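Going by my numbering, the sequence shown opens with residue 2, and the numbers climb by one from there. To keep things clear, I will list the structure first and then write my remarks on it.
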Amino acid sequence: MTTATNKSYQSESVWTNNAGMHGSGGGYSTVYSIPLWQQDVDMSVNQGSTTWRNFPDVCMVADHCYVISNNGKTGSFWGTSLAAPLWAGFTALVNQQASAQGKPAVGFLNPAIYAIAQGPLYASCFHDVTRGNNTWSNSPTQFYATTGYDLCTGWGSPNGTNLINALMGYAGPIYVDFNYTGATTNGSYDAPFKTLAGGTNAVAANGTIIVRTAGSSSETMSISKPMTLTAIGGAATVGH
């Protein structure tokens, strides 16, 4: 990360080590399928997968941080050992501000992160890292940072207060799936919807809810409250 003379943020690049021993990781799984909240990301330029879980989701400064603690003793941290605690601390700030305003904790971040990053607030909430790569001798063409989501830095690093405010007021979309664990045989979404909307690993369901069904199967769902239905990958029939 590069800062200006007044220590304000200026730019970032991928931490690259051509020997492949350390630095920015990234890629896609061959075990875990692509999650719902990642399926609408454009993978045509970043070499990402449209069927497997892509990573990372986000990035954070990772080289180096010096910490002074325990009666003046110093320690140096880098890599995931630095980035993950920084993200945890950042999330704690979101929840602290939410609590002060009588709002719920953010819970599971991934759907919210992707929804914000794919919306009009992306440029103000994230630092998009577009320079560098995580290639090495065994994969000399994979992967490169690019505009938007990429397999080196995800959506980028957090832009402080702007992302805190966006996460605290996050309003969808919420992705639900008829194959979600807990759905009843008639397609009722009462139980899993409550889990998504009010559970400990959920975000607030006060925005658009996107309902998906696997393949070409036909499902019926009763809706008792006003909502927006978005058809993805095929037509949807809405009755009253």
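The beta-carbon is built from N, C-alpha and C at its ideal position, and this holds for glycine as well. All values derive from a computational prediction rather than experimental measurement.
request  = Quick one: measure Cβ to Cβ for residue 154 and residue 143, integer angstroms, because I've assumed they're closer than 8 Å.
outcome  = Locating residue 154 in the sequence shown gives position 153, counting from the first residue. Locating residue 143 in the sequence shown gives position 142, counting from the first residue. Not really, about 14 Å apart at Cβ, beyond 8 Å.
task = Can you have a look at residue 24 and say buried or exposed, based on whether 16 or more other CB atoms are within 10 angstroms of its CB?
result = As a working mapping, residue 24 is identified with position 23 in the sequence shown. The residue is buried, with at least 16 neighbouring Cβ atoms inside 10 Å.
query = So what does DSSP say about residue 142, is it helix, strand or coil?
reply = Start at 1 with the first residue of the sequence shown, and residue 142 comes out as number 141. Coil at residue 142, not helix or strand.
request  = Let me know if residue 89 comes out buried or exposed under the rule of 16 or more other beta-carbons within 10 Å of its beta-carbon.
outcome  = In the sequence shown, residue 89 corresponds to position 88, counting from 1. Classification for residue 89: exposed.
ask   = Considering only C-alpha positions, which residue in the set 16, 78 and 68 is nearest to residue 157?
value = Counting from one through the sequence shown, the residue named residue 157 turns up at place 156. The shortest Cα separation from residue 157 among 16, 78 and 68 belongs to 16.
message = Helix, strand or coil for residue 159? Go by DSSP, reduced to three states.
response = Within the sequence shown, the letter at position 158 stands for residue 159. Residue 159: strand per DSSP, three-state reduction.
ask   = Per DSSP, residue 135 is paired with what?
value = Residue numbering aside, residue 135 sits at position 134 when the sequence shown is read from its first letter. None, per the DSSP bridge assignment.
query = Which residues mark the beginning and the end of the alpha helix (DSSP H) in which residue 34 is found?
reply = For this step, residue 34 is matched to residue 33 along the sequence shown. Not the alpha helix (DSSP H): residue 34 falls in the beta strand (DSSP E), residues 28 to 34.
task = Could you round the C-beta distance between residue 152 and residue 55 to whole angstroms and report it? I think they count as a contact, below 8 Å.
result = Position 151 of the sequence shown, counted from the start, is the residue given in the question as residue 152. Position 54 of the sequence shown, counted from the start, is the residue given in the question as residue 55. Indeed, because the Cβ distance is near 6 Å, the residues count as touching under 8 Å.
Beta strand (DSSP E) runs contained entirely in the region 59 to 92, provided each spans 3 or more residues = 66 to 70 and 74 to 78
request  = Please say whether residue 92 and residue 107 have beta carbons closer to each other than 8 Å?
outcome  = Residue 107 sits at position 106 when you count from the first residue of the sequence shown. Residue 92 sits at position 91 when you count from the first residue of the sequence shown. Their beta carbons are under 8 Å apart, which means residue 107 touches residue 92 by this criterion.
query = Who are the Cβ neighbours of residue 126 in its own chain at under 8 Å, not counting the five residues just before and after it?
reply = As a position in the sequence shown, residue 126 is number 125, starting the count at 1. Counting only Cβ-Cβ distances below 8 Å, and skipping sequence neighbours, we find 117, 118, 159, 160, 163, 164 and 167.
Residue closest to residue 133, alpha-carbon to alpha-carbon, out of 111, 148 and 87 = The residue you call residue 133 lines up with position 132 of the sequence shown. Checked all of 111, 148 and 87; the closest Cα to residue 133 is 148.
task = Please name the residue, chosen from 35, 60, 59 and 14, that lies closest to residue 50 on a Cα-to-Cα basis.
result = By one-based count along the sequence shown, residue 50 stands at place 49. For residue 50, the nearest C-alpha among the options comes from 35.
query = Which residue's Cα is closest to the Cα of residue 146: 31, 40, 10 and 60?
reply = Here residue 146 is taken as the residue at index 145 of the sequence shown, counted from 1. For the residues 31, 40, 10 and 60, the minimum Cα distance to residue 146 belongs to 60.
inquiry  = Is the beta carbon of residue 38 closer than 8 Å to that of residue 111?
reply    = In the sequence shown, residue 111 corresponds to position 110, counting from 1. In the sequence shown, residue 38 corresponds to position 37, counting from 1. Yes, these two residues count as a Cβ contact at 8 Å.
key: Given residue 94 as reference, the closest of 169, 124, 6 and 113 once Cα atoms are compared   = For the purposes of this step, residue 94 is identified with residue 93 of the sequence shown, where counting begins at 1. Answer by Cα proximity: 169.
ask   = Ends of the alpha helix (DSSP H) at residue 47?
value = Position 46 of the sequence shown holds residue 47. Taken as a continuous stretch (DSSP letters only), residue 47 belongs to no alpha helix (DSSP H), as it is neither H nor E.
query = Taking Cβ to Cβ, would you say residue 53 is nearer than 8 Å to residue 81?
reply = In the sequence shown, residue 53 corresponds to position 52, counting from 1. In the sequence shown, residue 81 corresponds to position 80, counting from 1. The answer is no: Cβ separation not under 8 Å.
task = Report all residues from its chain with a CB closer than 7 Å to the CB of residue 4; omit the five preceding and five following residues, and keep chain order.
result = To locate residue 4, count along the sequence shown from 1; it is residue 3. Cβ within range, chain order: 10 and 11.
inquiry  = Rounded to whole angstroms, what is the Cα-Cα separation between residue 8 and residue 2?
reply    = On the sequence shown, residue 8 is found 7 positions in, with the first residue counted as 1. On the sequence shown, residue 2 is found 1 positions in, with the first residue counted as 1. Computed Cα separation, rounded: 11 Å.
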